[in-house]
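S.K.: Below is one structure. I have some questions about it.
There are 4 protein chains.
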Amino acid sequence: MRYLTAGESHGKQLTTIIEGVPSNMPLVQDDINQSLRRRQKGHGRGKRMQIEKDMAEITSGVRHGYTLGSPISLIIHNDDFKHWVDIMGEDPIEERADKKLRRTVSRPRPGHADLNGALKYGHRDMRNVLERSSARETAARVAAGAVAKTLLKQLGIEVSGYVKEIAGIVAHDQSTLTMEQRQHVSEESPVRTLDKGVEQEMMDAIDQAKKDGDSIGGVAEVYVEGVPAGLGSYVQYDRKLDSRIAGSVVSINAFKGVEFGLGFEAAQKNGSEVHDEIAWNEQAGYHRKSNRLGGFEGGMTTGMPIVVKGVMKPIPTLYKPLQSVDIETKEPFNASIERSDSCAVPAASVVMEHVVAFEVAKAITEQFPSDHFPKLKQAINDYREEIRCF
Amino acid sequence: MRYLTAGESHGKQLTTIIEGVPSNMPLVQDDINQSLRRRQKGHGRGKRMQIEKDMAEITSGVRHGYTLGSPISLIIHNDDFKHWVDIMGEDPIEERADKKLRRTVSRPRPGHADLNGALKYGHRDMRNVLERSSARETAARVAAGAVAKTLLKQLGIEVSGYVKEIAGIVAHDQSTLTMEQRQHVSEESPVRTLDKGVEQEMMDAIDQAKKDGDSIGGVAEVYVEGVPAGLGSYVQYDRKLDSRIAGSVVSINAFKGVEFGLGFEAAQKNGSEVHDEIAWNEQAGYHRKSNRLGGFEGGMTTGMPIVVKGVMKPIPTLYKPLQSVDIETKEPFNASIERSDSCAVPAASVVMEHVVAFEVAKAITEQFPSDHFPKLKQAINDYREEIRCF
Amino acid sequence: MRYLTAGESHGKQLTTIIEGVPSNMPLVQDDINQSLRRRQKGHGRGKRMQIEKDMAEITSGVRHGYTLGSPISLIIHNDDFKHWVDIMGEDPIEERADKKLRRTVSRPRPGHADLNGALKYGHRDMRNVLERSSARETAARVAAGAVAKTLLKQLGIEVSGYVKEIAGIVAHDQSTLTMEQRQHVSEESPVRTLDKGVEQEMMDAIDQAKKDGDSIGGVAEVYVEGVPAGLGSYVQYDRKLDSRIAGSVVSINAFKGVEFGLGFEAAQKNGSEVHDEIAWNEQAGYHRKSNRLGGFEGGMTTGMPIVVKGVMKPIPTLYKPLQSVDIETKEPFNASIERSDSCAVPAASVVMEHVVAFEVAKAITEQFPSDHFPKLKQAINDYREEIRCF
Amino acid sequence: MRYLTAGESHGKQLTTIIEGVPSNMPLVQDDINQSLRRRQKGHGRGKRMQIEKDMAEITSGVRHGYTLGSPISLIIHNDDFKHWVDIMGEDPIEERADKKLRRTVSRPRPGHADLNGALKYGHRDMRNVLERSSARETAARVAAGAVAKTLLKQLGIEVSGYVKEIAGIVAHDQSTLTMEQRQHVSEESPVRTLDKGVEQEMMDAIDQAKKDGDSIGGVAEVYVEGVPAGLGSYVQYDRKLDSRIAGSVVSINAFKGVEFGLGFEAAQKNGSEVHDEIAWNEQAGYHRKSNRLGGFEGGMTTGMPIVVKGVMKPIPTLYKPLQSVDIETKEPFNASIERSDSCAVPAASVVMEHVVAFEVAKAITEQFPSDHFPKLKQAINDYREEIRCF
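Residue numbers (the working numbering), protein chains in the order written: chain A, 108 to 497; chain B, 108 to 497; chain C, 108 to 497; chain D, 108 to 497.
Written as structure tokens, this is what we have:
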């Protein structure tokens with residue numbers, strides 16, 4: 108499985124092509140739309156999230172509710188494009204067209220791709236950068252991930268993304284929660300946290316940030332249950348599954364770090380405190396009594412849940428401005444505001460859920476026969492039984 | 108640039124093939140051997156590190172001290188192989204050969220690839236797993252990274268890897284140190300730390316762990332200076348340079364997390380405290396007054412140093428044993444010891460330095476013309492001037 | 108540069124995403140539509156070609172007539188889809204829905220992907236195969252190639268595809284024709300041949316085949332002028348440009364072979380008759396007096412035009428039926444007809460022109476700096492001058 | 108499966124790393140050496156072939172006669188390197204070292220990579236090009252292919268490469284020969300042809316060419332039996348197996364074309380004469396009565412043998428010289444001779460056999476579960492039965 112996305116934030120549409128999905132797998136538009144809707148919720152989102160009601164249209168690869176094995180293309184239309192035709196249209200315009208009409212951007216925002224992208228691609232109008240570097244693109248990645256999640260679900264693998272921390276307020280560990288609870292509780296929470304005890308505090312922090320004209324970040328966690336041991340490989344550095352997931356998480360807009368299991372805490376512990384002892388009984392086969400390593404040893408899954416955290420910085424669009432420089436006049440200015448979410452961590456936890464799901468599904472389709480979905484399902488189940496009896 | 112490594116821990120040799128290195132770049136064996144030597148140092152390394160004196164032999168791709176543009180193959184011979192011929196030889200042996208002679212491993216060590224690898228690849232002798240999953244392989248990756256570092260150095264890009272934390276003892280920030288100081292101070296320190304104030308404490312912790320029969324982990328940091336702004340790209344998720352570096356760092360044996368700049372600390376800060384304001388003057392062009400984002404915005408370099416941290420768990424080979432299960436008898440046992448480093452973080456910081464260097468060099472050769480090294484050098488310098496005057 | 112296509116023959120639309128196109132390159136919809144129109148012409152095309160008027164819509168990556176550097180997505184709508192909603196719609200339908208309503212295909216056509224695809228993907232309705240394996244997909248590849256051609260044209264590289272042979276009628280060599288003549292003459296010819304002397308004969312053969320209820324194949328040639336020497340590389344087998352072009356040509360539906368320059372004729376010649384002697388003068392630099400090798404030595408361009416031929420088998424949809432077996436009843440039957448072109452070689456020569464163009468453009472963007480188009484242009488010109496003076 | 112090769116013609120050694128070979132597959136050094144020996148035979152080879160006795164050393168990935176699942180590295184030592192240390196050594200030499208000592212090449216040979224490689228990589232000494240572009244590298248590719256062949260053989264898939272034509276002398280079709288006969292007869296023939304009737308004529312042509320100081324080319328054919336239907340895919344252009352094989356064949360040094368089944372002959376035939384009718388019976392399942400398409404429809408195998416031909420031009424190293432230009436003096440000269448095979452087609456047929464084998468094995472390991480060889484074997488057999496009963 109591989110995918111490419113295309114589309115600008117205020118362009119006509121976002122497009123995703125996903126290649127390598129097995130044939131004869133049930134898939135309907137609503138599998139994807141549900142994911143898109145979940146991405147748009149969350150306390151503290153700006154007005155745009157209310158306006159956009161993202162809907163994916165499947166334009167290929169699915170027939171009568173089943174995948175064909177051929178590439179799946181998904182489109183998320185931008186209903187607002189009609190107001191942006193002049194600014195973002197693909198047709199040539201008169202050279203002299205008013206700078207205002209084009210909404211030319213000559214003022215790079217710190218924390219965004221604006222300046223670096225302009226230098227790299229030679230854009231003097233940084234709208235040419237920000238339209239693509241915008242987090243709007245994550246909708247297309249969620250769409251791809253929704254297909255992956257649908258595949259995983261039917262193989263008995265569930266994925267849940269939620270918020271562990273916002274602005275220093277940490278959700279207490281809920282390691283005893285079942286997958287169903289994780290999915291349900293996070294979905295019901297306006298900040299997607301599993302810890303009711305801190306929920307209100309997190310919401311207050313978001314409101315306060317908004318009032319202060321500031322923004323706040325946080326930590327999202329993704330939890331994957333049902334993955335058999337031995338997914339990924341140690342034989343070459345680029346085949347380690349935790350490595351691929353790490354790359355994938357850091358590729359989400361505004362993410363600055365990733366960790367598995369104990370993660371950075373492992374730096375403070377003794378070896379006797381960070382590993383997961385191995386047990387065996389006839390019914391369960393090999394299993395672990397703990398999951399400090401977050402489901403990975405040697406770049407492969409251990410059969411315990413994958414537990415991965417990602418940190419999102421406060422989004423750089425601020426009421427409280429940062430200093431920058433106009434690239435035309437070279438005059439300093441206070442960085443402008445394009446939009447107004449004060450905290451995007453809840454939504455980001457949904458995005459992260461989907462990019463992690465994609466990597467897991469990809470590893471599965473590489474390792475198991477993946478032309479025909481019913482056979483893939485059988486192969487995974489056979490493997491589960493086989494390693495139970497190893 | 109791409110590379111593959113091959114080789115088992117007690118096999119004949121490690122092999123690396125590196126493809127895509129420009130032609131006519133000065134490169135000598137000692138550029139690589141220096142890096143290999145640096146990987147073998149460090150307080151707390153086990154005896155094997157003293158025995159092995161890793162030396163790379165260049166077997167192709169270099170002639171008379173210059174690269175040819177053709178693939179570079181590097182070999183690190185294992186002088187000890189003569190004692191392992193029976194155990195690790197490639198020739199078939201009699202089926203009945205003594206289990207002891209083969210040193211068959213039926214007891215998986217928690218925290219290692221042993222069990223998961225056995226399940227995946229169907230190995231009942233887990234020596235077939237551990238020989239490849241061993242951290243010995245990082246020597247081959249250091250060799251590849253040494254070629255990358257040589258390339259970067261000649262483009263005015265320096266890389267330094269050192270230790271930020273061992274067993275909870277944190278080196279105080281030395282953000283004012285020059286690159287030269289970072290390289291020199293870390294090299295002189297037995298624990299590769301920049302903070303003389305905690306060096307002894309770190310060494311004591313290592314000694315104590317050894318005495319206790321335990322192991323300790325820590326955090327390594329890599330610092331890359333001289334990278335121009337605009338390396339990497341925001342246009343597709345798999346072209347973001349920080350994402351690739353993240354994947355690369357987590358692919359190092361025993362690494363459980365990675366972060367850029369403030370990293371996970373960003374979850375506790377306001378937006379006004381995590382971004383890097385943009386300034387400009389005629390001489391320096393665009394620049395930043397701070398480097399909280401660790402040199403990345405939008406998956407691209409900002410022109411500030413790349414600052415990336417990775418966390419290494421305590422290595423799972425322990426005097427103090429963990430419980431596991433023999434896969435033949437299904438009897439529980441206390442996990443055995445293959446070797447005896449109590450702390451590998453200093454060495455790991457050298458490994459991390461090299462894998463980060465490879466990703467940066469790779470991004471450069473993708474973005475700039477990279478057939479002929481003198482032209483690459485010219486192109487980088489032209490670009491530096493160009494963005495200064497943008 | 109890389110691209111993926113998606114879409115079924117009678118589905119909503121074809122979609123292409125092209126990644127890695129430099130920024131600030133002039134590109135308008137008509138650059139692509141011209142190519143699509145050229146693919147639809149040709150004596151002997153069936154009725155469907157007259158009905159469909161393929162038009163590409165650019166839905167991302169281009170703004171105000173210039174590329175952004177971000178992925179370009181192109182859509183070719185299928186106006187006829189409204190008649191196919193029931194048959195090809197993505198929504199689930201009632202299990203009992205009439206087989207006729209679905210237009211279920213249980214009869215594989217020899218020469219098509221039908222049977223092999225059904226076996227592989229487990230499709231009992233072979234419509235699930237043929238909708239994607241249809242040559243309709245080549246429209247999406249032409250769209251991608253049109254972007255490549257636009258890039259090449261602006262770098263002084265022109266590409267022309269035309270017909271060398273139809274049903275054994277061979278166009279006489281027109282090696283003295285200029286590129287402009289090749290483009291013009293082929294465009295004016297109903298069978299896209301450069302040889303007016305055989306044009307009528309070719310048309311007659313097509314008409315006769317149609318009358319006989321048979322189909323005929325032929326040979327297309329693509330000619331690329333203006334490519335500098337040294338594109339591609341000999342250092343690794345997967346970097347040879349002729350190899351990539353060969354793979355690309357054979358990937359076109361119904362193509363069964365490919366050859367460069369003398370091609371298979373070289374098997375009958377002496378070494379003294381197949382190579383291209385090297386000459387030099389101050390004005391032209393190094394050049395060749397002949398072009399028997401079709402512009403390639405050692406997997407790299409020689410600076411002479413690329414000359415590559417591909418052979419297309421007669422399309423397997425026939426009036427004169429072939430025997431096959433119904434996969435449900437296992438009864439033999441005479442293979443049915445989905446459409447009715449008796450010769451698609453003229454159109455295929457346009458497709459081949461575009462897939463070759465893509466590989467050449469890809470090799471250029473790999474070898475030269477390709478973030479910013481004006482810089483790429485400068486770099487190519489500098490290189491041309493440099494090798495002239497080498 | 109993927110592989111990289113490294114090594115210069117007169118360097119220390121050739122190196123191959125092969126990644127992705129399943130674990131627990133029997134593999135011994137002699138599997139590879141047999142292939143290497145076969146590559147060195149053939150009437151008309153120069154003296155060097157007699158001197159070199161290529162032997163592969165397995166340096167990783169195999170233990171006690173079985174693959175480990177980890178990368179396999181293979182080395183072919185160059186015993187003659189001791190005479191080339193000064194000329195090809197990796198250590199820097201004195202700048203003033205005699206041009207003769209270095210055996211500097213300033214005279215590009217037409218038909219070789221020399222000039223284009225020099226222009227591309229900026230080499231004024233074209234030894235830096237020719238050492239890597241030499242056909243010597245094909246030994247490393249044969250080594251990789253030998254591993255693939257060993258895998259295929261154990262899955263019931265056999266591969267045979269032989270000569271169809273030399274210098275216009277065409278072997279008559281032997282389509283009734285069994286695989287065993289193909290392998291045996293070609294092996295016994297000094298020119299690797301299946302047609303005893305033309306064998307002597309081919310040998311005479313080679314002798315005559317040698318006497319004339321000329322060289323001759325020819326056509327090799329590779330025949331693969333036992334491949335199940337449905338290997339490869341039509342869903343995306345880069346997944347078609349015939350396309351990949353085509354790319355692979357053209358990447359062999361001196362190959363200028365490739366065709367499947369009828370190949371270019373299909374341009375002269377009617378549709379009713381080029382396709383393979385589909386039949387079915389209970390015992391054999393679906394099968395074909397002919398194999399005009401060379402085992403491919405829609406980029407996938409049909410279950411019939413793969414039949415692919417490649418054309419090799421006469422090797423450009425000639426007694427009868429071609430005109431060229433010295434790049435230092437710009438004086439014309441008659442192109443010099445590095446070695447003296449007058450016909451390399453028999454050897455090339457062995458190389459082609461191996462590169463085709465690699466692509467087939469790669470497609471199999473992508474499509475079927477390929478971690479553990481016994482399971483791969485089972486999966487292929489299950490699939491064979493499944494499609495028989497489809």
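In this text, a Cβ means the ideal position worked out from N, Cα and C, and glycines have one as well. All values reported here derive from a predicted model rather than from experimental measurement.
Is residue 407 of chain A helix, strand or coil by DSSP?
M.R.: Working through the first sequence from its first residue, we reach residue 407 of chain A at position 300. Note: residue 407 of chain A maps to strand in three-state DSSP.
S.K.: Return helix, strand or coil for residue 207 of chain A, following the three-state DSSP convention.
M.R.: By 1-based counting over the first sequence, the position of residue 207 of chain A is 100. The answer is coil: DSSP assigns residue 207 of chain A none of H, G, I, E or B.
S.K.: Please confirm whether residue 175 of chain B and residue 223 of chain D have their CB atoms less than 9 Å apart.
M.R.: Locating residue 175 of chain B in the second sequence gives position 68, counting from the first residue. Locating residue 223 of chain D in the fourth sequence gives position 116, counting from the first residue. Contact: no.
S.K.: Count Cβ pairs between the region 367–377 of chain C and the region 355–370 of chain D that sit closer than 8 Å; are there 3 or more?
M.R.: Yes: at least three Cβ pairs fall under 8 Å.
S.K.: How about residue 263 of chain D and residue 333 of chain D: are their beta carbons less than 9 Å apart?
M.R.: Here residue 263 of chain D refers to the residue found at position 156 of the fourth sequence. Here residue 333 of chain D refers to the residue found at position 226 of the fourth sequence. In this structure, residue 333 of chain D lies closer than 9 Å to residue 263 of chain D by Cβ.
S.K.: Nearest chain C C-beta to residue 135 of chain A closer than 9 Å, yes or no?
M.R.: Residue numbering aside, residue 135 of chain A sits at position 28 when the first sequence is read from its first letter. Output row for residue 135 of chain A: interface = yes.
S.K.: Quick one: what does DSSP say residue 195 of chain B is sitting in, helix, strand or coil?
M.R.: As a working mapping, residue 195 of chain B is identified with position 88 in the second sequence. Three-state DSSP puts residue 195 of chain B in a helix.
S.K.: For the region 173–190 of chain C, which residues have a beta carbon sitting closer than 9 Å to at least one beta carbon of chain B?
M.R.: Listed by position, the residues of the region 173–190 of chain C near chain B (Cβ gap below 9 Å) are 175, 176, 177, 178.
S.K.: Report the CB separation of residue 329 of chain D from residue 460 of chain D in whole angstroms; it is logged as a contact under 8 Å.
M.R.: Translated into the one-based positions of the fourth sequence, residue 329 of chain D becomes position 222. Translated into the one-based positions of the fourth sequence, residue 460 of chain D becomes position 353. About 5 Å; that satisfies the 8 Å criterion.
S.K.: Run through DSSP, which three-state label would residue 435 of chain B get?
M.R.: Here residue 435 of chain B refers to the residue found at position 328 when the second sequence is read from its first residue. The answer is coil: DSSP assigns residue 435 of chain B none of H, G, I, E or B.
S.K.: Which residues does DSSP list as the beta-bridge partners of residue 380 of chain A?
M.R.: Mapped onto the first sequence, residue 380 of chain A falls at position 273. Answer is none; residue 380 of chain A lacks a bridge partner.
S.K.: Could you spell out the range, first to last residue, of the beta strand (DSSP E) harbouring residue 307 of chain C?
M.R.: Residue mapping note: residue 307 of chain C aligns to position 200 of the third sequence, counting from 1. Where residue 307 of chain C is concerned, there is no enclosing beta strand (DSSP E), although the alpha helix (DSSP H) it sits in stretches over 303–319.
S.K.: How is residue 133 of chain B classed by DSSP in three states: helix, strand or coil?
M.R.: Taking the first residue of the second sequence as position 1, residue 133 of chain B is located at position 26. The answer is strand: DSSP assigns residue 133 of chain B an E or B state.
S.K.: Return yes when the Cβ of residue 396 of chain C is within less than 9 Å of the Cβ of residue 327 of chain C, no when it is not.
M.R.: Counting from 1 along the third sequence, the entry for residue 327 of chain C is found at position 220. Counting from 1 along the third sequence, the entry for residue 396 of chain C is found at position 289. No, the pair does not count as a contact, with Cβ atoms beyond the cut-off.
S.K.: Do residue 268 of chain D and residue 349 of chain D have their beta-carbon atoms positioned less than 9 Å apart in this structure?
M.R.: On the fourth sequence, residue 349 of chain D is found 242 positions in, with the first residue counted as 1. On the fourth sequence, residue 268 of chain D is found 161 positions in, with the first residue counted as 1. Their beta carbons are not under 9 Å apart, which means residue 349 of chain D does not touch residue 268 of chain D by this criterion.
S.K.: Assuming residue 478 of chain B and residue 177 of chain B make a contact with CB atoms under 8 Å, what is their CB distance in whole Å?
M.R.: Walking along the second sequence from the start, residue 478 of chain B turns up at place 371. Walking along the second sequence from the start, residue 177 of chain B turns up at place 70. 12 Å between Cβ atoms; not a contact.
S.K.: Counting only Cβ-Cβ distances shorter than 9 Å, please list the residues of the region 457–491 of chain B near chain D, keeping chain order.
M.R.: From the region 457–491 of chain B, only 478, 479, 480, 481, 482 have a Cβ closer than 9 Å to chain D.
S.K.: Between the region 430–440 of chain D and the region 380–389 of chain C, are three or more C-beta pairs nearer than 8 Å?
M.R.: Touching, yes, given that three or more Cβ pairs across the two stretches are closer than 8 Å.
S.K.: State the DSSP-derived secondary structure class of residue 490 of chain D, mapped to helix, strand or coil.
M.R.: Position 383 of the fourth sequence, counted from the start, is the residue given in the question as residue 490 of chain D. Note: residue 490 of chain D maps to helix in three-state DSSP.
S.K.: So if I threshold CB-CB distances at 9 Å, which residues from the region 109–124 of chain C count as touching chain A?
M.R.: Cβ contacts with chain A: 109, 110, 111, 112, 113, 114, 115, 118, 119, 120, 121, 122, 123, 124.
S.K.: Over the uninterrupted alpha helix (DSSP H) stretch that includes residue 288 of chain B, give me the two end residues.
M.R.: In the second sequence, residue 288 of chain B corresponds to position 181, counting from 1. 286–295 is the span of the alpha helix (DSSP H), which, as asked, contains residue 288 of chain B.
S.K.: Chain A partners of residue 126 of chain D, CB-CB under 8 Å?
M.R.: Working through the fourth sequence from its first residue, we reach residue 126 of chain D at position 19. Simply 342, 343.
S.K.: Just to confirm the assignment, what range does the alpha helix (DSSP H) spanning residue 471 of chain B have?
M.R.: Position 364 of the second sequence holds residue 471 of chain B. Residue 471 of chain B -> alpha helix (DSSP H) spans 452–474.
S.K.: Anyone know if the C-beta pair for residue 287 of chain D and residue 331 of chain D falls short of 9 Å?
M.R.: As a position in the fourth sequence, residue 287 of chain D is number 180, starting the count at 1. As a position in the fourth sequence, residue 331 of chain D is number 224, starting the count at 1. Their beta carbons are not under 9 Å apart, which means residue 287 of chain D does not touch residue 331 of chain D by this criterion.
S.K.: Terminal residues of the continuous alpha helix (DSSP H) containing residue 223 of chain B?
M.R.: Counted from its first residue, the second sequence places residue 223 of chain B at position 116. Residue 223 of chain B -> alpha helix (DSSP H) spans 221–228.
S.K.: Return the first residue and the last residue of the beta strand (DSSP E) that residue 113 of chain B is part of.
M.R.: For the purposes of this step, residue 113 of chain B is taken as the residue at position 6 of the second sequence. Its beta strand (DSSP E) spans residues 109–113.
S.K.: Tell me where the alpha helix (DSSP H) around residue 235 of chain D begins and ends.
M.R.: Residue 235 of chain D sits at position 128 when you count from the first residue of the fourth sequence. Note, residue 235 of chain D: alpha helix (DSSP H), 234–240.
S.K.: Using DSSP with H/G/I as helix, E/B as strand and the rest coil, what is residue 144 of chain A?
M.R.: Counting from 1 along the first sequence, the entry for residue 144 of chain A is found at position 37. Three-state DSSP puts residue 144 of chain A in a helix.
S.K.: Any idea what DSSP makes of residue 497 of chain B, helix, strand or coil?
M.R.: For the purposes of this step, residue 497 of chain B is taken as the residue at position 390 of the second sequence. Correct three-state label for residue 497 of chain B: coil.
S.K.: What residues in its chain sit with their C-beta under 8 Å from that of residue 338 of chain C, if we drop five residues either side in the sequence?
M.R.: Here residue 338 of chain C corresponds to residue number 231 of the third sequence, with the count starting at 1. The residues are 348, 407, 408, 467, 470, 471, 474.
S.K.: Using 8 Å as the cut-off, can you tell me whether the region 131–138 of chain A makes contact with the region 165–173 of chain A, which would need three or more C-beta pairs spanning the two stretches below that distance?
M.R.: The region 131–138 of chain A vs the region 165–173 of chain A: in contact.
S.K.: Just the Cα atoms here: how many angstroms apart are residue 367 of chain B and residue 414 of chain B?
M.R.: What you label residue 367 of chain B is simply residue 260 of the second sequence in a count that begins at 1. What you label residue 414 of chain B is simply residue 307 of the second sequence in a count that begins at 1. Taking the straight line from one Cα to the other gives about 6 Å.
S.K.: In terms of alpha-carbon separation, which member of B:291, B:144, B:312, B:258 lies closest to residue 464 of chain B?
M.R.: By 1-based counting over the second sequence, the position of residue 464 of chain B is 357. Nearest option by C-alpha distance: B:258.
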